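>
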Amino acid sequence: MNNNKDRIKLAHGSGGGMMADLIQDVILRYLDAPELANLDDAAELVIPHNRIAFSTDTFVVKPIFFPGGDIGSLAVSGTVNDILMKGARPLFLSLGLVLEEGFLIHDLRTILQSIKQACDYAGVKVVTGDTKVVGKGDLDGICINTSGIGSILPGVDVSGSYAKTGDSVIVSGDIGAHGIAVMVKRNGLHLKGDIKSDAKPLTGEVLPLLERYADSIHVLRDPTRGGVAATLNEIADSSGVRIYLDESAIPVNDWVKSVCELLGFDPLYLPCEGRFLVFVDSSASVEVMSFMRDTCGCHDVSVIGTVEGESSGEVLLRTISGGVRILDMPVGELLPRIC
Amino acid sequence: MNELRQIRENSLLQGLSRQLQSVRLSEPVTLMEVCGTHTMAIHRAGLPTLLPPNLRLLSGPGCPVCVTPVSYLDTACAIARQYDVTLTTFGDMMRVPGTDGTLADLRSEGYPVDTVYSPFHSVTLAQQKPESQVVFLAVGFETTAPVVAASVKYAYDIGINNFSILSAHKLVIPALKILIDDNRIFVDGFLLPGHVSVILGSEPYRFIAEKNAKACVITGFETADIIQGILLLIDQVQKRDFIVAIQYRRVVKPEGNTKARAVIDEVFESADTEWRGFGVIPESGLMLRDEFGAFDASERFPVHMEMHNEPVGCRCGDVLRGYIEPPECPLFARGCSPEHPVGPCMVSTEGTCAAYYRFSRLQGDI
Numbered sequence: 000m001n002n003n004k005d006r007i008k009l010a011h012g013s014g015g016g017m018m019a020d021l022i023q024d025v026i027l028r029y030l031d032a033p034e035l036a037n038l039d040d041a042a043e044l045v046i047p048h049n050r051i052a053f054s055t056d057t058f059v060v061k062p063i064f065f066p067g068g069d070i071g072s073l074a075v076s077g078t079v080n081d082i083l084m085k086g087a088r089p090l091f092l093s094l095g096l097v098l099e100e101g102f103l104i105h106d107l108r109t110i111l112q113s114i115k116q117a118c119d120y121a122g123v124k125v126v127t128g129d130t131k132v133v134g135k136g137d138l139d140g141i142c143i144n145t146s147g148i149g150s151i152l153p154g155v156d157v158s159g160s161y162a163k164t165g166d167s168v169i170v171s172g173d174i175g176a177h178g179i180a181v182m183v184k185r186n187g188l189h190l191k192g193d194i195k196s197d198a199k200p201l202t203g204e205v206l207p208l209l210e211r212y213a214d215s216i217h218v219l220r221d222p223t224r225g226g227v228a229a230t231l232n233e234i235a236d237s238s239g240v241r242i243y244l245d246e247s248a249i250p251v252n253d254w255v256k257s258v259c260e261l262l263g264f265d266p267l268y269l270p271c272e273g274r275f276l277v278f279v280d281s282s283a284s285v286e287v288m289s290f291m292r293d294t295c296g297c298h299d300v301s302v303i304g305t306v307e308g309e310s311s312g313e314v315l316l317r318t319i320s321g322g323v324r325i326l327d328m329p330v331g332e333l334l335p336r337i338c
Numbered sequence: 000m001n002e003l004r005q006i007r008e009n010s011l012l013q014g015l016s017r018q019l020q021s022v023r024l025s026e027p028v029t030l031m032e033v034c035g036t037h038t039m040a041i042h043r044a045g046l047p048t049l050l051p052p053n054l055r056l057l058s059g060p061g062c063p064v065c066v067t068p069v070s071y072l073d074t075a076c077a078i079a080r081q082y083d084v085t086l087t088t089f090g091d092m093m094r095v096p097g098t099d100g101t102l103a104d105l106r107s108e109g110y111p112v113d114t115v116y117s118p119f120h121s122v123t124l125a126q127q128k129p130e131s132q133v134v135f136l137a138v139g140f141e142t143t144a145p146v147v148a149a150s151v152k153y154a155y156d157i158g159i160n161n162f163s164i165l166s167a168h169k170l171v172i173p174a175l176k177i178l179i180d181d182n183r184i185f186v187d188g189f190l191l192p193g194h195v196s197v198i199l200g201s202e203p204y205r206f207i208a209e210k211n212a213k214a215c216v217i218t219g220f221e222t223a224d225i226i227q228g229i230l231l232l233i234d235q236v237q238k239r240d241f242i243v244a245i246q247y248r249r250v251v252k253p254e255g256n257t258k259a260r261a262v263i264d265e266v267f268e269s270a271d272t273e274w275r276g277f278g279v280i281p282e283s284g285l286m287l288r289d290e291f292g293a294f295d296a297s298e299r300f301p302v303h304m305e306m307h308n309e310p311v312g313c314r315c316g317d318v319l320r321g322y323i324e325p326p327e328c329p330l331f332a333r334g335c336s337p338e339h340p341v342g343p344c345m346v347s348t349e350g351t352c353a354a355y356y357r358f359s360r361l362q363g364d365i
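This is the structure:
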């Protein structure tokens, strides 16, 4: 057993007894899928239907613990949500851990615990995994890769390139909280207020929606890196359409607004890890929105825009004053402003 | 905060917006927003699509990063290359091209360059790393000068000897004088900077209204503030009744902030300084007083450099003087974009070219 001060050593990744102990005593205590238990070289899976969604993502968030989550919960929800955005029910995950020599085993346990919780919440199982240890200084603590497989729901056909003229653009809730939670923690800013990342697996929100409105939904995307602005630009570009957004309809929590103002960020560019965008036939938009709010638990759901005609792919924002301007792709890093 | 909430009321904003659209001007009117934050706010709000015919908004030299000359960046880079120092800077400076690349390039080569939110973070860094020298790149107008002065004073008081600043601080009034005397452009009125005026108050601008017959309105940064400021300027121009009005009353007092000015005066004295696009403007910059000379990075880390080269074809200087609007520059959106900026006006979050590019480059098509 480990105490709170025990750290990862290079030998934990060497394939010997210490590695076996780490896997048995630490990792498998949190991950208990039968497919994983016999530690074969690969998992044997039974997958319903023949249309599979397969996705992978690697997580290097800094700080690894942030208000409302940690790198573990993020690694699960990130891949689970990517699978959902392809219209699929997430089923199985792989988990690749790369640990820096000296990483606290206590912290690893905390991360594994939140991986387990997020998997339970999302209804997925970790069925295969890998652990590597690298030398001190070769990595900043921990890096996690998750890949996942899901089964695409019958009748569902969604893609970022399927936006159509006349579609309504719906966002499932208020935007930017994850970006702000991480930025505030990363920069050690001491700000009062209820700060919490929105990161979570979206299974409970997305699956009922897909089961009910498969025919009306053309695009599903989660606005992660680059936020709503980048995601909509990608959709406009790959669908060859012009998207008009209505600024007054975009839900932003007051706290996020205040911090954005203080630091010079625009919430439209901040990553969300527990929100999604839906493009639906405009004739269905009111009904879809009510369903999302009443049945899927998306309390702040809002129709934020429309697709208006084919073009080379722009996103335009009608501001509250009635002016119109471009909503561009983000540029460079998120930087603090000068004055 | 109630006043802030009021100015953000959608109904107020939409009413002002309709008022602006219904203005009828018999003669062309040109207004200049001096401050880069205004330029950005104007384009971010889509205001160019709401302006009535005959009204033109021109951007001025109020982006601190943009008016910082190539020679300053080159000096900063040379100090980093020739001495064992950590450069600290506000984020906006990171991507501004110097003769041999940007601070971001320098960092990617392995030289320590950290972005900070405040010069006090640099002092803290110096305290945490007593074995290394920390240089803060002090760029900005009267808004940032007080906090930089306070950080130098603090470092002086507690006896920190591994912190210094490279000052490129600029003063707004001398640049306004140059713009007013410039025969190549004619401006009917100035949308004056809100934050700078918090420090300066309204008095230093009086000569612009009284001697030069230009409309002057010190204006805030909410969209409703800016529309109100524009409407007040138009009113002055139409009535030919020129005064320094304060639209931004919830923050700006006529007398300004005397304490902030006192700390600037205690630490800095005015000096001739170079502005990109303008050349050297007399008494338009701030240098450390002798008493604080030990904190002057240019003294502590002397560097010798060859020529400073402006980027070829870049017309940032003409943009900063109001001679051209960004789309008139041959590089605009053709080789110069926020992803691949050639000049500083395309880099900075307050740069005029960046504002046009990011928010208004489809003008005429929306």
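Chains as they are written, first to last, in numbering that gives the first Met the number 0: chain A, 0 to 338; chain B, 0 to 365. Think of the CB as a built atom: it goes at the ideal place given N, C-alpha and C, for glycine as much as any other residue. Everything numeric in this text was worked out from a predicted model, so none of it was measured.
1) Going along the chain, which residues of the segment 300 to 318 of chain A sit with their C-beta nearer than 8 Å to a C-beta in chain B?
2) Just checking residue 207/A against the ligand ATP - is the residue's beta carbon closer than 7 Å to any of the ligand's heavy atoms?
3) Quick check on the DSSP output: the alpha helix (DSSP H) that includes residue 156/B runs from which residue to which?
4) Please look up how many angstroms separate the CB atoms of residue 51/B and residue 11/B, rounded, as I've assumed it's under 8 Å.
5) If we cut at 8 Å on Cβ distances, does residue 330/A have a partner in chain B?
6) In three-state DSSP terms, what is residue 56/A?
7) Using the beta-carbon of each residue, which ones in chain B are nearer than 7 Å to residue 247/A?
8) Over the uninterrupted beta strand (DSSP E) stretch that includes residue 189/B, give me the two end residues.
9) Any Cβ of chain A within less than 8 Å of the Cβ of residue 97/B?
10) Kindly indicate which three-state DSSP category residue 41/B falls into: helix, strand or coil?
11) Should the segment 162 to 177 of chain A be regarded as contacting the segment 300 to 309 of chain A, the criterion being three or more beta carbon pairs within less than 8 Å?
12) Spatial neighbours of residue 85/B within its chain, please: CB distance less than 8 Å, with the 5 preceding and 5 following residues excluded, ordered by chain position.
13) If you follow the alpha helix (DSSP H) that residue 253/A is in, where does it begin and where does it stop?
14) I'd like to know if residue 324/A contacts chain B, where contact means its C-beta is closer than 8 Å to some C-beta of that chain.
15) For the candidate residues 216/A, 242/A and 276/A, whose alpha-carbon lies nearest to that of residue 250/A?
16) I'd like to confirm the pairing. Which residues does DSSP put opposite residue 132/B in its beta bridges?
17) Count the CB pairs spanning the segment 54 to 72 of chain B and the segment 144 to 160 of chain B that are closer than 8 Å, and state whether there are at least three.
18) Quick one: what does DSSP say residue 181/A is sitting in, helix, strand or coil?
19) So what's residue 69/A in DSSP terms, helix, strand or just coil?
20) Tell me which residues of the segment 27 to 47 of chain B have at least one Cβ-Cβ distance to chain A shorter than 8 Å, keeping chain order.
21) Assuming the contact rule is C-beta atoms closer than 8 Å, residue 224/B and residue 6/B should be a hit. Round their C-beta distance to whole Å, please.
22) For residue 321/A, go through chain B and note every residue whose CB falls closer than 7 Å to its CB, in chain order.
23) Exposed or buried, residue 46/A, counting other C-beta atoms within 10 Å across all chains shown (16 or more means buried)?
24) Express the C-alpha separation of residue 314/A and residue 235/A in angstroms, rounding to a whole number.
25) Exposed or buried, what is residue 45/B when buried is set at 16 or more other beta-carbons lying within 10 Å of its beta-carbon?
26) Can you find a C-beta in chain A that's less than 8 Å from the C-beta of residue 337/B?
27) So which of 99/A, 243/A and 258/A has the shortest CA-CA distance to residue 166/A?
28) Going along chain B in order, which residues have a C-beta closer than 7 Å to the C-beta of residue 327/A?
29) Just tell me which of 279/B, 290/B, 287/B and 187/B has its CA closest to the CA of residue 213/B.
30) In its own chain, which residues sit with a C-beta less than 6 Å from the C-beta of residue 135/A, not counting the 5 before and 5 after it?
31) Under DSSP, the beta strand (DSSP E) around residue 300/B begins and ends at which residues?
32) Which chain A residues sit within Cβ distance under 7 Å of residue 360/B?
33) Classify residue 208/B as helix, strand or coil using the three-state DSSP reduction.
34) Would you give the residue range spanned by the beta strand (DSSP E) that residue 134/A belongs to?
35) Whole angstroms are fine: how far does the CA of residue 30/A sit from the CA of residue 38/A?
36) Can you pull the chain A residues whose beta carbon is under 8 Å from the beta carbon of residue 101/B, in chain order?
In short, the structure shows the following:
1) 313, 315, 316, 317 and 318
2) The model depicted lacks the ligand ATP and carries no ligand whatsoever.
3) The sequence position of residue 156/B within the second sequence is 157, counting from 1. Note, residue 156/B: alpha helix (DSSP H), 144 to 156.
4) For the purposes of this step, residue 51/B is taken as the residue at position 52 of the second sequence. For the purposes of this step, residue 11/B is taken as the residue at position 12 of the second sequence. Contact flag wrong, Cβ pair sits at about 19 Å.
5) Mapped onto the first sequence, residue 330/A falls at position 331. It does: the Cβ of residue 330/A has a partner Cβ on chain B nearer than 8 Å.
6) Numbered from its first residue, the first sequence carries residue 56/A at position 57. Strand at residue 56/A.
7) One-based indexing of the first sequence puts residue 247/A at position 248. 9, listed in chain order.
8) Counting from one through the second sequence, the residue named residue 189/B turns up at place 190. 188 to 192 is the span of the beta strand (DSSP E), which, as asked, contains residue 189/B.
9) Residue 97/B sits at position 98 when you count from the first residue of the second sequence. It does not: the Cβ of residue 97/B has no partner Cβ on chain A nearer than 8 Å.
10) Along the second sequence, read from residue 1 onward, the residue named residue 41/B stands at position 42. Note: residue 41/B maps to helix in three-state DSSP.
11) yes
12) Counting from one through the second sequence, the residue named residue 85/B turns up at place 86. Contacts found: 111, 112, 113, 124, 128, 131, 132, 133 and 134.
13) Translated into the one-based positions of the first sequence, residue 253/A becomes position 254. Its alpha helix (DSSP H) spans residues 253 to 262.
14) Residue numbering aside, residue 324/A sits at position 325 when the first sequence is read from its first letter. Closer than 8 Å: yes.
15) Along the first sequence, one-based indexing puts residue 250/A at 251. Nearest C-alpha to residue 250/A: 276/A.
16) Walking along the second sequence from the start, residue 132/B turns up at place 133. For residue 132/B, which the question treats as bridged, DSSP gives the partners 84/B.
17) no
18) The residue labelled residue 181/A in the question sits at position 182 within the first sequence. The answer is helix: DSSP assigns residue 181/A an H, G or I state.
19) Translated into the one-based positions of the first sequence, residue 69/A becomes position 70. Strand.
20) 36, 42, 43, 44, 45, 46 and 47
21) Numbered from 1 along the second sequence, position 225 holds the residue referred to as residue 224/B. Numbered from 1 along the second sequence, position 7 holds the residue referred to as residue 6/B. Rounded, the Cβ-Cβ distance is 6 Å, consistent with contact.
22) Taking the first sequence and counting its residues from 1, one reaches residue 321/A at position 322. Chain B residues near residue 321/A: 13, 16 and 49.
23) As a first step, residue 46/A is located in the first sequence; it is residue number 47 there, counting from the start. Residue 46/A should be labelled exposed.
24) Walking along the first sequence from the start, residue 235/A turns up at place 236. Walking along the first sequence from the start, residue 314/A turns up at place 315. Rounded to the nearest angstrom, the two C-alpha atoms are 7 Å apart.
25) For the purposes of this step, residue 45/B is taken as the residue at position 46 of the second sequence. The residue in question, residue 45/B, is buried, as its Cβ has 16 or more Cβ neighbours within 10 Å.
26) The residue given as residue 337/B occupies position 338 in the second sequence. Yes, residue 337/B lies at the interface with chain A (some Cβ there is under 8 Å from its Cβ).
27) Numbered from its first residue, the first sequence carries residue 166/A at position 167. For the residues 99/A, 243/A and 258/A, the minimum Cα distance to residue 166/A belongs to 243/A.
28) The residue you call residue 327/A lines up with position 328 of the first sequence. Going along chain B in sequence order, the residues near residue 327/A (Cβ under 7 Å) are 357.
29) Within the second sequence, numbered from 1, the residue matching residue 213/B stands at position 214. Minimum Cα distance to residue 213/B is reached at 187/B.
30) By one-based count along the first sequence, residue 135/A stands at place 136. These residues qualify, in order along the chain: 100 and 101.
31) Sequence index remark: in the second sequence, residue 300/B carries index 301 (1-based). Careful: residue 300/B lies outside any beta strand (DSSP E) and carries neither H nor E.
32) Along the second sequence, one-based indexing puts residue 360/B at 361. Per Cβ cutoff of 7 Å: 325.
33) Indexing the second sequence from 1 puts residue 208/B at position 209. DSSP places residue 208/B in helix when its eight states are reduced to three.
34) Along the first sequence, read from residue 1 onward, the residue named residue 134/A stands at position 135. Residue 134/A -> no beta strand (DSSP E), and no H or E assigned at all.
35) For the purposes of this step, residue 38/A is taken as the residue at position 39 of the first sequence. For the purposes of this step, residue 30/A is taken as the residue at position 31 of the first sequence. About 12 Å.
36) The sequence position of residue 101/B within the second sequence is 102, counting from 1. Within chain A, no residue comes near residue 101/B; the closest Cβ sits about 11 Å away, beyond 8 Å.
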